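> Just dropping this structure here.
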Amino acid sequence: MCTYNAFMCDETLEEFFSDCPFEIDKKGVIEMFTSNIKQTFKKTKRELQRVAPTVDEFIALFGLALWNGHMSLLSSKIAQLVTKNRQSIICELSKVYTRNGVNDHASRI
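Under UniProt numbering, the first residue of the sequence shown carries the number 1, and numbering increases by one thereafter.
Here it is, written out as C-alpha coordinates:
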(Lines of atoms letter the chains of each structure in order from A and count residues from 1; the text may use other names and numbers.)
(Lines give C-alpha, C1' and ligand atoms only; values in the text may rest on other atoms or scores of the structure.)
Protein backbone atom coordinates (compact mmCIF):
# COMPACT_ATOMS: atom_id res chain seq x y z
CA MET A 1 0.00 0.00 0.00
CA CYS A 2 1.35 3.45 -0.82
CA THR A 3 0.20 7.01 -0.38
CA TYR A 4 1.75 10.36 -1.13
CA ASN A 5 3.96 10.15 1.94
CA ALA A 6 4.14 6.53 3.10
CA PHE A 7 4.94 3.10 1.78
CA MET A 8 4.04 -0.11 3.53
CA CYS A 9 4.19 -3.76 2.56
CA ASP A 10 4.07 -6.98 4.54
CA GLU A 11 7.89 -7.07 4.72
CA THR A 12 8.05 -3.66 6.43
CA LEU A 13 5.13 -3.95 8.84
CA GLU A 14 7.25 -4.84 11.85
CA GLU A 15 9.38 -1.75 11.31
CA PHE A 16 6.27 0.34 10.61
CA PHE A 17 4.77 -0.55 14.01
CA SER A 18 8.10 -0.53 15.92
CA ASP A 19 7.54 2.90 17.45
CA CYS A 20 3.79 2.66 17.96
CA PRO A 21 2.96 4.74 21.06
CA PHE A 22 0.13 2.44 22.15
CA GLU A 23 0.26 -0.97 23.76
CA ILE A 24 -0.93 -3.21 20.96
CA ASP A 25 -0.65 -6.85 20.00
CA LYS A 26 1.94 -6.13 17.29
CA LYS A 27 2.05 -9.75 16.11
CA GLY A 28 -1.74 -9.85 15.76
CA VAL A 29 -1.88 -6.48 14.03
CA ILE A 30 0.88 -7.50 11.60
CA GLU A 31 -0.92 -10.77 10.80
CA MET A 32 -4.17 -8.88 10.19
CA PHE A 33 -2.46 -6.28 7.97
CA THR A 34 -0.67 -9.02 6.01
CA SER A 35 -3.96 -10.86 5.48
CA ASN A 36 -5.72 -7.66 4.40
CA ILE A 37 -2.93 -6.70 1.99
CA LYS A 38 -3.02 -10.16 0.37
CA GLN A 39 -6.82 -10.10 0.09
CA THR A 40 -6.74 -6.61 -1.43
CA PHE A 41 -4.18 -7.72 -4.03
CA LYS A 42 -6.26 -10.79 -4.93
CA LYS A 43 -9.49 -8.80 -5.26
CA THR A 44 -7.82 -6.04 -7.26
CA LYS A 45 -6.19 -8.49 -9.67
CA ARG A 46 -9.48 -10.37 -10.09
CA GLU A 47 -11.38 -7.15 -10.87
CA LEU A 48 -8.70 -5.88 -13.27
CA GLN A 49 -8.79 -9.22 -15.11
CA ARG A 50 -12.59 -9.08 -15.28
CA VAL A 51 -12.70 -5.50 -16.58
CA ALA A 52 -9.53 -5.80 -18.70
CA PRO A 53 -8.80 -2.06 -18.85
CA THR A 54 -7.02 -0.62 -21.84
CA VAL A 55 -3.77 1.27 -21.26
CA ASP A 56 -5.69 4.57 -21.37
CA GLU A 57 -8.26 3.29 -18.87
CA PHE A 58 -5.53 2.01 -16.56
CA ILE A 59 -3.77 5.38 -16.63
CA ALA A 60 -7.10 7.07 -15.85
CA LEU A 61 -7.70 4.67 -12.95
CA PHE A 62 -4.25 5.45 -11.61
CA GLY A 63 -4.89 9.18 -11.87
CA LEU A 64 -8.26 8.85 -10.14
CA ALA A 65 -6.64 6.83 -7.36
CA LEU A 66 -4.01 9.51 -6.83
CA TRP A 67 -6.63 12.27 -6.86
CA ASN A 68 -8.96 10.25 -4.64
CA GLY A 69 -12.21 11.60 -3.32
CA HIS A 70 -11.37 11.29 0.39
CA MET A 71 -11.62 15.02 0.95
CA SER A 72 -13.07 15.35 4.44
CA LEU A 73 -9.78 16.61 5.90
CA LEU A 74 -8.83 18.86 2.99
CA SER A 75 -9.29 22.59 2.75
CA SER A 76 -12.04 23.70 0.39
CA LYS A 77 -9.43 25.03 -2.06
CA ILE A 78 -7.66 21.66 -2.26
CA ALA A 79 -10.99 19.79 -2.40
CA GLN A 80 -11.97 21.92 -5.41
CA LEU A 81 -8.63 21.11 -7.06
CA VAL A 82 -9.18 17.39 -6.48
CA THR A 83 -12.68 17.58 -7.96
CA LYS A 84 -11.43 19.57 -10.97
CA ASN A 85 -8.61 17.12 -11.66
CA ARG A 86 -10.88 14.08 -11.34
CA GLN A 87 -13.37 15.68 -13.75
CA SER A 88 -10.53 16.44 -16.18
CA ILE A 89 -9.38 12.82 -16.11
CA ILE A 90 -12.90 11.55 -16.84
CA CYS A 91 -13.33 14.16 -19.59
CA GLU A 92 -10.06 13.14 -21.26
CA LEU A 93 -10.97 9.46 -21.04
CA SER A 94 -14.31 10.25 -22.66
CA LYS A 95 -12.43 11.99 -25.51
CA VAL A 96 -10.24 8.90 -25.93
CA TYR A 97 -13.35 6.72 -26.22
CA THR A 98 -14.87 9.06 -28.80
CA ARG A 99 -11.61 9.20 -30.78
CA ASN A 100 -11.42 5.40 -30.76
CA GLY A 101 -15.04 5.03 -31.90
CA VAL A 102 -16.37 3.62 -28.63
CA ASN A 103 -19.87 5.09 -28.61
CA ASP A 104 -21.38 3.49 -25.51
CA HIS A 105 -18.57 4.08 -23.04
CA ALA A 106 -20.64 5.00 -19.98
CA SER A 107 -20.43 1.45 -18.64
CA ARG A 108 -16.63 1.47 -19.03
CA ILE A 109 -16.29 4.70 -17.07
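Note that beta-carbon positions come from the ideal geometry of N, C-alpha and C, so glycine has one too.
Every value quoted in this text rests on a predicted model; they were computed, and no experiment measured them.
My output table needs one value for Thr85: the three-state DSSP class, helix, strand or coil.
The sequence shown places Asn at residue 85, not Thr. Helix at Asn85.
> Between the beta-carbon of residue 114 and the beta-carbon of Ile89, is there less than 8 Å?
In this structure the chain extends from 1 to 109, so residue 114 is not present and cannot be described.
> Report the rounded CA-to-CA distance for Leu77 versus Val29, giving the unit in angstroms.
What sits at residue 77 in the sequence shown is Lys, not Leu. C-alpha separation (whole angstroms): 36 Å.
> Inspect the beta-carbon positions of Arg99 and Glu57 and report whether they are closer than 8 Å.
Against a cut-off of 8 Å, the Cβ pair of Glu57 and Arg99 comes out as no contact.
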